[in-house]
Amino acid sequence: MHVGLPMVANNLVESSAGEQQLCSAIVEFPLSELLPPESSPRTAGENAAHIRMLAESSTAFPPIVVHRRTTQVIDGVHRLRAAQLRGDSTISAVLFDGSITEAFVLAVKLNAAHGLPLSLSDRKAAALRILMAYPQWSDRAIAAVAGISPKTVGVIRSRSAEEIPQPTGRIARNGVLHRTDISAGRRRAAELFTADPNRSARAVAVAAGISLTTAKEVRKELRGGSDPRPARWAGADPAAGRASGDEPEARADADFGARWALTAAVLQQLRRDPSLRFTDAGRKLLRCLETPFDNGDDWGSVVHNIPSHCAPNIAKLARQRSQDWQQLALLLDQRSETG
Numbered sequence: 006m007h008v009g010l011p012m013v014a015n016n017l018v019e020s021s022a023g024e025q026q027l028c029s030a031i032v033e034f035p036l037s038e039l040l041p042p043e044s045s046p047r048t049a050g051e052n053a054a055h056i057r058m059l060a061e062s063s064t065a066f067p068p069i070v071v072h073r074r075t076t077q078v079i080d081g082v083h084r085l086r087a088a089q090l091r092g093d094s095t096i097s098a099v100l101f102d103g104s105i106t107e108a109f110v111l112a113v114k115l116n117a118a119h120g121l122p123l124s125l126s127d128r129k130a131a132a133l134r135i136l137m138a139y140p141q142w143s144d145r146a147i148a149a150v151a152g153i154s155p156k157t158v159g160v161i162r163s164r165s166a167e168e169i170p171q172p173t174g175r176i177a178r179n180g181v182l183h184r185t186d187i188s189a190g191r192r193r194a195a196e197l198f199t200a201d202p203n204r205s206a207r208a209v210a211v212a213a214g215i216s217l218t219t220a221k222e223v224r225k226e227l228r229g230g231s232d233p234r235p236a237r238w239a240g241a242d243p244a245a246g247r248a249s250g251d252e253p254e255a256r257a258d259a260d261f262g263a264r265w266a267l268t269a270a271v272l273q274q275l276r277r278d279p280s281l282r283f284t285d286a287g288r289k290l291l292r293c294l295e296t297p298f299d300n301g302d303d304w305g306s307v308v309h310n311i312p313s314h315c316a317p318n319i320a321k322l323a324r325q326r327s328q329d330w331q332q333l334a335l336l337l338d339q340r341s342e343t344g
């Protein structure tokens, strides 16, 4: 038997039932080995009346969620206290293998979804803590976890701007990274070109997380003797969405660096998602998404070493796989639109 848990890490697209299956069997955990959370989203502490109500109920408790490494209760402290009050020796539980920070996010999500709800002040405080840990999450993504409006998250982000690390992009609920400022990427590109003037624009684009066209613009300015101008380099990447008219290579691959940087960023976030890491289906999907190629240059090496007589069949298979992925993307888009 398995227990369902909401998806709480960076890819926050929920199923129609609002849950994803956590790949952990329900176990009977000794009450004596369980610890209360060191940092609970419920700042007012335990509710004695709610504990008594649970203890007097004849209904079986849903399993609590326990952080495996620390044995701290992530969700279900009131159920734990009720079980102790009834004199039980064990309680049904499911073990969570994520980090302490992920455990806190999971606790917020679960407490916002069922049981004794968090107060508004608790949810706002939780949103601030999540912002501190995951500043790259969008307001909507954090709102979906904390159970408050995106507008409220935006106000919290604005008021705490000096405390919150400033990311160069935002990760939406669908896991897509939206870059908001590439000035750091441009500066990094300038540093790389200065250190090695012969380094290719493509390699610099990948390393700096910017588009190929932008990397070429930085190189051109440096070769022309222009000093880097942060004011001009700040903000969104003006070259990311267009191709240079006089460079065929740029027209064909203007977003090369940005594409690979985004792929790496999104994969990293997905790997951290407990709802993918701890399910058979999730792990299978991650294996499919992960690629052994660090950048597009590796494809040239692969093609060069493929026997000519195999090329037609491999090309046919690649096209079929491409169609399969396009179909998956279409289904996921439809699911996102329907909520």
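Take 6 as the starting number for the sequence shown in the working numbering and just add one per residue.
From the three backbone atoms N, C-alpha and C, an ideal C-beta is built for every residue, glycine too.
Which residue from Ser97, Gln89, Thr64, His72 puts its Cα closest to that of Ile105? Looking at the Cα atoms, His72 is the closest of the given residues.
Where does the unbroken beta strand (DSSP E) through Phe34 begin, and where does it stop? Following the DSSP letters along the chain, one finds Phe34 inside the beta strand (DSSP E) bounded by residues 32–35.
Under 8 Å, do Ile2 and Gly81 count as touching if we go by C-beta distance? Given that the chain is displayed from residue 6 to residue 344, the structure contains no residue 2 and the question cannot be resolved.
Would you mind listing the alpha helix (DSSP H) stretches within the region 78–157 that are 4+ residues and don't spill past its ends, in chain order? Taken in chain order, the unbroken stretches of alpha helix (DSSP H) that lie wholly in the region 78–157 and span 4 residues or more are 82–91, 105–118, 125–138, 144–151.
I'd like to know if the region 159–169 and the region 124–143 are in contact, where contact means that at least 3 CB-CB pairs between them fall below 8 Å. When Cβ pairs closer than 8 Å are counted between the two stretches, the region 159–169 is seen to touch the region 124–143, the count reaching three or more.
Helix, strand or coil, according to DSSP, for Leu40 in the structure here? Note: Leu40 maps to strand in three-state DSSP.
So what does Val71 bridge to, in DSSP terms? DSSP, once it has assigned bridges, lists Val78, Leu100 as partnering Val71.
What did DSSP end up calling Asp201 once you bin it into helix, strand or coil? DSSP places Asp201 in coil when its eight states are reduced to three.
Suppose you measure from the CA of Leu272 to the CA of Leu123; what does that come to, to the nearest Å? In this model, Leu272 and Leu123 are separated by some 32 Å (Cα to Cα).
So, with DSSP's three-state summary, where would you put Ser45? Correct three-state label for Ser45: coil.
With distances taken from CA atoms, which of Glu226, Glu167, Asn203 is nearest Arg192? Measuring from the Cα of Arg192, the nearest candidate turns out to be Glu226.
Taking 8 Å as the threshold, find out whether the region 88–99 comes into contact with the region 54–66 through three or more Cβ pairs. Flag = yes, the region 88–99 and the region 54–66 touch.
Would you give the residue range spanned by the alpha helix (DSSP H) that His55 belongs to? Its alpha helix (DSSP H) spans residues 53–61.
Whole angstroms are fine: how far does the CA of Ala30 sit from the CA of Asp285? Distance between the alpha carbons of Asp285 and Ala30: 13 Å.
Which term fits Thr48, buried or exposed, when burial requires 16 or more other beta carbons within 10 angstroms of its beta carbon? So Thr48 ends up on the exposed side.
Which word fits Ser45, buried or exposed, when buried means at least 16 other C-beta atoms lie within 10 angstroms of its C-beta? With 16 or more other Cβ atoms within 10 Å, it is buried.
Since I believe Pro42 is in contact with Gln77 (beta carbons under 8 Å), could you give me their beta-carbon distance rounded to a whole number of angstroms? Gln77 to Pro42, Cβ: 5 Å. Contact.
Beta-carbon separation of Ala200 and Ala210 under 8 Å? In this structure, Ala210 does not lie closer than 8 Å to Ala200 by Cβ.
Straight-line gap, Leu217 to Leu100 (C-alpha atoms, nearest Å): Between Leu217 and Leu100, the C-alpha separation is close to 45 Å.
Alpha carbon of Arg324 to alpha carbon of Asp278, nearest angstrom: Here the C-alpha atom of Arg324 lies approximately 30 Å from the C-alpha atom of Asp278.
Give me, in chain order, the residues of the same chain whose beta-carbon lies closer than 8 Å to that of Ala334; leave out the 5 immediate sequence neighbours on both sides. So no residue of the chain qualifies.
Less than 8 Å between the beta carbons of Val158 and Val110, yes or no? No, these two residues do not count as a Cβ contact at 8 Å.
Could you tell me if His83 is buried or exposed, where buried requires 16 or more neighbouring beta carbons within 10 angstroms of its beta carbon? Counting Cβ neighbours within 10 Å, His83 comes out buried, since at least 16 surround it.
Roughly how many whole angstroms lie between the Cα atoms of Leu281 and Gly229? Rounded to the nearest whole angstrom, the C-alpha separation of Leu281 and Gly229 is 48 Å.
Close Cβ partners of Ile147 (< 6 Å) along its chain, the five nearest in sequence each way excluded: The residues are Ala132, Ile135, Val158.
Please state the DSSP three-state secondary structure of Asn310. Under the three-state reduction of DSSP output, Asn310 falls in the coil class, being neither helix nor strand.
Let me know if Val223 comes out buried or exposed under the rule of 16 or more other beta-carbons within 10 Å of its beta-carbon. The C-beta of Val223 has 16 or more other C-beta atoms within 10 Å across all chains shown, which makes the residue buried.
Quick one: using the 10 Å Cβ neighbour count with 16 as the cut-off for buried, is Glu107 buried or exposed? Classification of Glu107: buried, given that the 10 Å Cβ count is 16 or more.
Could you tell me the boundaries of the alpha helix (DSSP H) in which Ala206 lies? Segment 206–213, the alpha helix (DSSP H) holding Ala206.
Can you tell which of Leu294, Ala166, Ile56, His309 has its C-alpha closest to the C-alpha of Ser327? Measuring C-alpha to C-alpha distances from Ser327 to each of Leu294, Ala166, Ile56, His309 identifies Leu294 as the nearest.
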